[in-house]
Amino acid sequence: MSDQDWLDIDSPLEALSRSGTLICLPPTRLTSDLTSWILWGLWKARNLLTFENRATPASSVMNVAIVSAREWSLAQVTAKQKDHASRAIEVPPIMPHALITCNSDASWSKETRKAGLGCIMEVSRGGLIEEGQSQARFVSSPLMAEALAIKEVLVAASHKSTPNV
1 MSDQDWLDID SPLEALSRSG TLICLPPTRL TSDLTSWILW GLWKARNLLT FENRATPASS
61 VMNVAIVSAR EWSLAQVTAK QKDHASRAIE VPPIMPHALI TCNSDASWSK ETRKAGLGCI
121 MEVSRGGLIE EGQSQARFVS SPLMAEALAI KEVLVAASHK STPNV
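For the sequence shown, UniProt numbering begins at 1 and goes up steadily by one.
Structure follows, in structure tokens:
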């Protein structure tokens with residue numbers, strides 16, 4: 001846009017609608033829209049000033065907008081990358097015939113401090129050996145519930161004298 005195009009703008013809404021056609025200059029290394037990132041930065045700066053009484057310098061808003069726009073652009077999968085990724089075939093790892101896989105899961109209630117525990121043991125070639133579920137009381141956290149579920153499946157495996165777990 002030329003300077004003349006900006007002189008005949010009558011409202012902020014018109015300026016906003018025209019800003020989408022602006023081209024970023026080479027030092028920014030951006031090929032995408034910067035306007036939305038600037039507006040997002042202004043909104044965040046306004047919230048900091050309103051709610052935390054902290055002013056944000058304009059240069060900081062612009063720097064964050066440019067960095068955020070770059071990060072966003074780099075995070076987007078291009079059509080070429082997407083095409084290559086869709087052609088990749090995932091080959092499952094080859095496991096020994098006698099390998100037994102143990103899967104466990106847990107749920108936890110903060111209010112009751114109870115956990116539900118579940119486990120499944122399978123032979124690597126597709127046979128179900130055992131599945132089970134139980135409850136535990138006085139469980140302090142979700143992490144503890146998961147640990148108890150793992151313990152349950154390992155105890156069940158040891159009672160069956162299963163090697164190669």
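Don't be surprised by glycine CBs; every beta carbon is placed ideally from N, CA and C. Treat the numbers as computed from the prediction; the structure is a model and nothing was measured.
(1) Using the three-state DSSP reduction, which class does LEU154 fall into: helix, strand or coil?
(2) Measuring only the C-alpha atoms, how far is LEU30 from ILE38?
(3) Helix, strand or coil for ILE38? Go by DSSP, reduced to three states.
(4) In angstroms, rounded to a whole number, what distance separates the CA positions of CYS135 and GLY116?
(5) So, for GLY118: in the same chain, excluding its five sequence neighbours on each side, which residues have a beta-carbon less than 6 Å away from its beta-carbon?
(6) Does the Cβ-Cβ distance between ALA45 and VAL67 come in under 7 Å?
(7) Would you mind reading off the limits of the beta strand (DSSP E) that contains LEU16?
(8) For THR112, name the three-state secondary structure that DSSP assigns.
Taking the geometry as given:
(1) Shown here, LEU154 sits in a helix according to DSSP, grouped into three states.
(2) Roughly 13 Å between the two C-alpha positions.
(3) Reduced to three states, the DSSP call for ILE38 is helix.
(4) According to the sequence as given, residue 135 is Gln; it is not Cys. C-alpha of GLN135 to C-alpha of GLY116: approximately 5 Å in a straight line.
(5) The beta carbon of GLY118 sits closer than 6 Å to the beta carbons of ASP105, GLN133 from its chain, once the five residues preceding and following it are set aside; these are given in chain order.
(6) If you check the CB distance, ALA45 and VAL67 do not come in under 7 Å.
(7) Membership of LEU16 in any beta strand (DSSP E) is not indicated; the residue belongs instead to the alpha helix (DSSP H) covering 12-19.
(8) Note: THR112 maps to coil in three-state DSSP.
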